[in-house]
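Participant: Numbering-wise (my numbering), the sequence shown opens with residue 80 and increments by one.
All C-beta atoms, glycine included, are put in the ideal place defined by N, C-alpha and C.
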Amino acid sequence: MAQKPAWKGFRPFIVDRKVAESDIVTSFYLKPEDGDLLPPFRPGQFVNIKLDVPAQNSPILRSYTLSNSPVNNENYRLSIKRESPPTKASHVPPGTASNYLHDCVNVGSSILLAPPSGDFVLRPEGKNAVVFLAGGIGCTPLISMLTSIADVNPTRDVWFIHGSRNS
Numbered sequence: 080m081a082q083k084p085a086w087k088g089f090r091p092f093i094v095d096r097k098v099a100e101s102d103i104v105t106s107f108y109l110k111p112e113d114g115d116l117l118p119p120f121r122p123g124q125f126v127n128i129k130l131d132v133p134a135q136n137s138p139i140l141r142s143y144t145l146s147n148s149p150v151n152n153e154n155y156r157l158s159i160k161r162e163s164p165p166t167k168a169s170h171v172p173p174g175t176a177s178n179y180l181h182d183c184v185n186v187g188s189s190i191l192l193a194p195p196s197g198d199f200v201l202r203p204e205g206k207n208a209v210v211f212l213a214g215g216i217g218c219t220p221l222i223s224m225l226t227s228i229a230d231v232n233p234t235r236d237v238w239f240i241h242g243s244r245n246s
């Protein structure tokens, strides 16, 4: 059952921390600009963001999975991969939103977020074993699920299988 949205439309959030997780993935820790408490989310949910990118005719809308555990109610974390042009199609431009976020959004920047949504979620309190299978940045919803299991049900059996191009 889908949960009721915590707010309507877009709400301003401030980048509280920006952490390079690897050469191409950066995590953005976001807090509500108004200082209000964060509404809860379910592990695996995503948020839509709206960016005003210079030289773009209209705002850029993107969806990113929340990558932290819902137990952490201090911030929302988005772990975002920088999208380069495809190796066999260098004429294709790099990802507009991901490169803007990596290059121009810093601590103190404001980002507009829609409330958490999505039904690809896990009940961390469940008793059955869980197998996670992911490739590349597709692991972000599973990281949220895994950390939420560790927070609320640390004895639950979990297998986490992840493939990537390199370390």
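(1) Select from THR175, ALA85 and PRO118 the residue whose C-alpha is nearest the C-alpha of PRO164.
(2) Just mark LEU225 as buried or exposed, buried being the case when its beta carbon has 16 or more other beta carbons within 10 Å.
(3) Using three-state DSSP, classify VAL231 as helix, strand or coil.
(4) Going along the chain, which residues of its own chain have a beta-carbon closer than 6 Å to the beta-carbon of ASP230, five neighbours each way excluded?
(5) With a cut-off of 8 Å, do at least 3 Cβ pairs link the region 214 to 225 to the region 107 to 116?
(6) Keeping to the same chain, check which residues put their C-beta closer than 8 Å to that of ALA208; ignore five residues upstream and five downstream.
(7) Keeping to the same chain, check which residues put their C-beta closer than 7 Å to that of SER158; ignore five residues upstream and five downstream.
(8) Give the single residue among TYR143, HIS181 and SER169 whose Cα lies nearest to the Cα of PHE98.
(9) Starting from the C-beta of ASN185, find all residues in its chain whose C-beta is less than 7 Å away, skip the five residues before and the five after it, and write them out in chain order.
Facilitator: If we stick to the structure as given:
(1) Looking up residue 164 in the sequence shown gives position 85. Among THR175, ALA85 and PRO118, the Cα nearest to that of PRO164 belongs to THR175.
(2) Taking the sequence shown and counting its residues from 1, one reaches residue 225 at position 146. If you draw a 10 Å sphere on the C-beta of LEU225, you find 16 or more other C-beta atoms in it, and that means buried.
(3) On the sequence shown, position 152 is the one that residue 231 refers to. Look at VAL231 here: in three-state DSSP terms it is helix.
(4) Along the sequence shown, read from residue 1 onward, the residue named residue 230 stands at position 151. So the qualifying residues of the chain are SER148 and VAL150.
(5) Not touching, per the Cβ criterion.
(6) In the sequence shown, residue 208 corresponds to position 129, counting from 1. For ALA208, where only same-chain residues beyond five positions count, the Cβ hits under 8 Å are ARG235, ASP236, VAL237 and TRP238.
(7) For the purposes of this step, residue 158 is identified with residue 79 of the sequence shown, where counting begins at 1. Cβ neighbours of SER158 beyond the five flanking positions: GLU100, VAL104, SER106, SER146 and THR219.
(8) Position 19 of the sequence shown, counting from 1, holds the residue named residue 98. Residue identity differs from the one stated: residue 98 is Val in this sequence, not Phe. Comparing Cα positions, the closest option is HIS181.
(9) For the purposes of this step, residue 185 is taken as residue 106 along the sequence shown, with counting starting at 1. Excluding sequence neighbours, ASN185 sits near VAL94 and LYS97.
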